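All remarks here apply to the structure that follows.
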Amino acid sequence: MGGNNRALIYRHGIHHGLDKLEAGKVLMFWVDKNKWSKEKIKPSRLIEIKPKYIEPEETEVEEEGETESMKTEEKIKEEEKIETETKEAIEVPKDNKENNSEDNESKRDPRLDRIREEHKLLSERYMEMASEIGSIQGSIEEIKREIEDLRKGNADEVMLDVYLSQRGLLTLPKTVKELDERLTRLEFSRFEELKENLETLSNKVSELFGYIESFKEQLSEISVKLEKLEKISLEKEVNEIKIESNLDEEKQFLEDLKKIIPEAEYRVVGDKVIVRTSYIKGKERFEKYRELLKENGYRFDPNTREWYKYLTAREEKNNV
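Take the sequence shown: its letter number 131 is residue 145 in the numbering used here, and every next letter is one higher.
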């Protein structure tokens, strides 16, 4: 049984290490074990669901009296509905949002929030302008009908100009042109911001690939070094086996040598056997001692006055 409910905290108290708790871990009190323990929490993954946009089916027969303004309003409502469904589809579940709030806040780039906010404002402004254009189109349809009524009543040109000035329609082309220019600027600014964000993202991706290539080179160097270490380790093991095998044979020779020349002493240093004697009585015995060592591959070192031999094959220098 485990869990940090209120009753257990009142009964057993809060752990002293709560302030130093690492990110992604929680303290759990186990009642059956009567002790605290740190448990790691796996962060849940955010899943984005992008619903497919389905074009509405066009009706073959339209109702009589339907105007362009009504079509525009229906289109705006349909776009708002799709936007709402998209937001609901990509919304993070409450449980995941609470569990991963700290991780998401720490990992999220603040520029993304700014981009989203600007996109939201631009979308709202775009919808407002689309609504204004829709209402203007509705007014234009109404005015067209009134003008047709005037023409049917044989109204002259002066009466038509008076009517247009009263309705403020003489400046309508200018107003429509201004709205069109504003809409074009809005779309261009959105495109420029999107282009800038894509360039930033491309640079980040290039940097990431640079890091990956550098990491690959480091891995290659490490692999080469590991191969060298394995080779050295293998050579060392082989040399140790050779030393043990050769040392057994060499010890037998040295024991036989001591039987002939009791004054001879030897010692083993690594893979090197050193033979030395302080004094040998008799020239014949000394010559015999020297010949035996030479026949068995020993070398004389004039600096230390010692005879030596390596148990493993290696290049000899300055031998006498």
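Glycine included, each C-beta is placed from N, C-alpha and C at the ideal position. Being a predicted model, the structure only gives us computed values, none of them experimental.
Which of helix, strand or coil does DSSP assign to residue i?
i: L41; result: strand
i: E53; result: strand
i: I275; result: coil
i: D315; result: strand
i: K34; result: coil
i: K242; result: helix
i: K47; result: coil
Let me confirm a value: residue i is counted as buried when at least 16 other C-beta atoms fall within 10 Å, else exposed. Which label applies?
i: F267; result: buried
i: I275; result: buried
i: G224; result: exposed
i: V252; result: exposed
i: V287; result: buried
i: L307; result: buried
i: F229; result: exposed
i: V289; result: buried
i: E264; result: buried
Is residue i near residue j, with beta carbons less than 7 Å apart?
i: K39; j: K47; result: no
i: Y303; j: R313; result: no
Assuming residue i contacts residue j under a Cβ cut-off of 8 Å, what Cβ separation, rounded to an integer in Å, is found between them?
i: I90; j: S149; result: That belief does not hold up - the Cβ atoms of I90 and S149 are roughly 11 Å apart, past 8 Å.
i: E207; j: E132; result: 7 Å
i: I129; j: N211; result: 6 Å
Flag residue i as yes when its Cβ comes closer than 6 Å to any non-hydrogen atom of the ligand COA, and as no otherwise.
i: L41; result: No copy of the ligand COA appears in this structure; indeed no ligand is present at all.
So is residue i in contact with chain C if we call contact Cβ pairs under 7 Å?
i: T198; result: As a matter of chain content, chain C is missing from the structure shown, which is built from one protein chain.
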